[in-house]
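Residue numbers (the working numbering): 21 to 257. Each residue gets a CB set at the ideal place from its N, CA and C atoms; glycine is no exception. Before any comments, here is the structure.
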């Protein structure tokens with residue numbers, strides 16, 4: 021929802037300003053939450069089921085008894101990833117095009133460049149984190165469904181079976197942990213990339229290093245390594 025809203029605001033600002041309002045956003049969020057809750061409660065109506073997973077400490081969608089429900093979950097998850105990535109790429113393309121247009125017409129102000137770079141970094145960071153966290157789980161679910169709904173990880177949690185479990189059990193557990201980690205990493209992506217803290221630090225260090233190399237190439241410089249090290253160690257202003 022955030023990716024679609026951001027893409028509409030950047031690529032169709034006039035339509036967004038005339039059609040979107042706080043009440044419309046609240047209604048949209050309420051509809052999304054209601055749809056998610058209704059989908060999660062489908063097993064109570066007999067459409068799919070949840071099952072205890074190895075090592076017996078968590079429950080998840082069963083790929084054997086509710087293959088249609090599991091396939092719908094995986095398909096909707098992959099569709100969400102594709103839509104989010106497409107909207108973010110469309111937003112990035114629009115921002116880059118607008119920045120080039122401003123650069124051709126007149127010199128853009130520092131505030132515009134800062135906001136554009138900050139937005140691009142946040143979008144790229146969110147896309148990478150979202151894909152890395154959710155893709156393994158969704159792909160593994162589709163692979164298990166394609167293998168005639170086999171569930172090799174339904175065993176108990178006894179220590180005698182710990183080393184006899186197939187490799188897929190450990191991969192499935194890792195995939196679920198990655199998906200759970202996404203909710204923790206998302207706020208940190210905004211915090212770390214907000215106001216270009218990381219980008220500004222790296223950019224200033226690279227500029228100082230380039231300045232040191234340029235000074236040494238234009239004149240005699242016996243201690244090139246020492247000068248470059250001093251420029252890199254200098255704290256950003």
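Residues that residue i bridges to, as DSSP identifies them
{"i": "residue 79", "result": "72"}
Pair within 8 Å by beta-carbon distance, residue i and residue j
{"i": "residue 105", "j": "residue 147", "result": "yes"}
{"i": "residue 192", "j": "residue 166", "result": "no"}
{"i": "residue 23", "j": "residue 108", "result": "yes"}
{"i": "residue 145", "j": "residue 213", "result": "yes"}
{"i": "residue 101", "j": "residue 150", "result": "yes"}
{"i": "residue 157", "j": "residue 209", "result": "no"}
Reference residue i; option with closest CA among the options
{"i": "residue 111", "options": "26, 164, 142 and 193", "result": "26"}
{"i": "residue 162", "options": "65, 121 and 84", "result": "84"}
{"i": "residue 4", "options": "154, 140 and 72", "result": "One cannot answer for residue 4 here, as it falls past the ends of the chain, which runs 21 to 257."}
{"i": "residue 152", "options": "139, 51, 118 and 194", "result": "194"}
{"i": "residue 137", "options": "202, 115, 150 and 156", "result": "115"}
{"i": "residue 113", "options": "44, 48 and 139", "result": "139"}
{"i": "residue 205", "options": "142, 164 and 42", "result": "142"}
{"i": "residue 189", "options": "49, 76, 61 and 119", "result": "76"}
{"i": "residue 93", "options": "118, 117, 57 and 78", "result": "57"}
Residue i: first and last residue of the uninterrupted alpha helix (DSSP H) it sits in
{"i": "residue 22", "result": "22-31"}
{"i": "residue 51", "result": "42-60"}
Neighbourhood of residue i by C-beta, 8 Å cutoff - its chain only, sequence neighbours within 5 removed
{"i": "residue 55", "result": "none"}
{"i": "residue 35", "result": "28"}
{"i": "residue 180", "result": "Reliability fails at residue 180, whose pLDDT of 42 lies under 50, so the model's placement of it is uncertain and the value that follows must be treated cautiously. Answer for residue 180: no residue qualifies."}
{"i": "residue 31", "result": "110, 111 and 114"}
{"i": "residue 62", "result": "68 and 89"}
{"i": "residue 121", "result": "none"}
Chain-order list of residues whose beta-carbon lies under 6 Å from that of residue i (same chain, five-residue window excluded)
{"i": "residue 80", "result": "73"}
{"i": "residue 8", "result": "The structure shown does not extend to residue 8, since the chain is modelled only from 21 through 257, so no value can be given for it."}
{"i": "residue 82", "result": "69 and 71"}
{"i": "residue 164", "result": "83"}
{"i": "residue 169", "result": "With a pLDDT of 49 at residue 169, under the threshold of 50, the modelled position of this residue cannot be trusted, and the question is left open."}
{"i": "residue 91", "result": "165"}
{"i": "residue 38", "result": "none"}
Residues near residue i by beta carbon distance below 7 Å, same chain, minus five either side
{"i": "residue 201", "result": "153"}
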